[in-house]
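Q: For the sequence shown, our numbering assigns the number 1 to the initial residue and increments by one for each residue that follows.
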Amino acid sequence: MSNSSSGWILAGACALALSTTTACDSKSEAPASKSPPVPEKPVAPLVPKKEVADWCGEHGVPESICTRCNSALIADFKKKNDWCAKHDLPESQSLKCHPELEAKLKSMAPK
Ligand SMILES: [Zn+2]
Ligand SMILES: [Zn+2]
């Protein structure tokens, strides 16, 4: 009987395959020039609005509704049922019928 002892030296070849896979997927986070939302500025009128005094000093009412200066307005007032036939004035301007309007109109008058 022959004892054949075979000694196997397992040379553990520690082949540490250091796979340094430097994947070039570096996310280049470029500073996105994201401008913050600019609040909308109210568009300034090119021509500054002139302060037009809408006032008829002669009749003590706003010029734009002065029927005595602009008789074309009369029809409008009549249509709106705002007409005092007695005084030939819009009811809303007839101080004789509505003396309380005087204070209101005076407050509207340009200083
Ligand atoms: Zn007038
Ligand atoms: Zn009246």
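Note that the Cβ used here is the ideal one computed from N, Cα and C, for glycine as well.
Quick one: is A13 buried, meaning 16 or more other Cβ sit within 10 Å of its Cβ, or exposed?
A: Mapped onto the sequence shown, residue 13 falls at position 13. Confidence in A13 is poor, its pLDDT being 49 and thus under 50, which makes the residue's placement unreliable; the coordinate value appears in the next sentence. A13 is exposed by the Cβ-count criterion.
Q: Looking only at its chain, what residues have a beta carbon closer than 7 Å to the beta carbon of D88, apart from the 5 residues adjacent to it on each side?
A: Looking up residue 88 in the sequence shown gives position 88. Contacts found: none.
Q: Between C69, V38, V43, V61, which lies nearest to S107 when the distance is taken from Cα to Cα?
A: Along the sequence shown, one-based indexing puts residue 107 at 107. Ranking C69, V38, V43, V61 by Cα distance to S107 puts V61 first.
Q: For ligand 1, enumerate in chain order all residues having a CB closer than 7 Å to any of its heavy atoms.
A: Checking every Cβ against the heavy atoms of ligand 1 under 7 Å gives C56, E58, H59, V61, E63, C66, R68, C69.
Q: At a threshold of 6 Å, does K104 count as lining ligand 2 (C-beta to nearest heavy atom)?
A: Residue 104 sits at position 104 when you count from the first residue of the sequence shown. Every heavy atom of ligand 2 is 6 Å or more from the Cβ of K104, so no.
Q: Ordered along the chain, which non-local residues of its own chain (more than five positions away) have a Cβ less than 6 Å from that of L101?
A: Position 101 of the sequence shown, counting from 1, holds the residue named residue 101. Around L101: L95.
Q: Which residues share a DSSP beta bridge with L105?
A: For the purposes of this step, residue 105 is taken as residue 105 along the sequence shown, with counting starting at 1. Paired residue(s): none; L105 is not in a bridge.
Q: Quickly, what does DSSP pair L89 with across the bridge? List them, please.
A: Numbered from its first residue, the sequence shown carries residue 89 at position 89. Looking at the DSSP assignment, L89 forms a beta bridge with C84.
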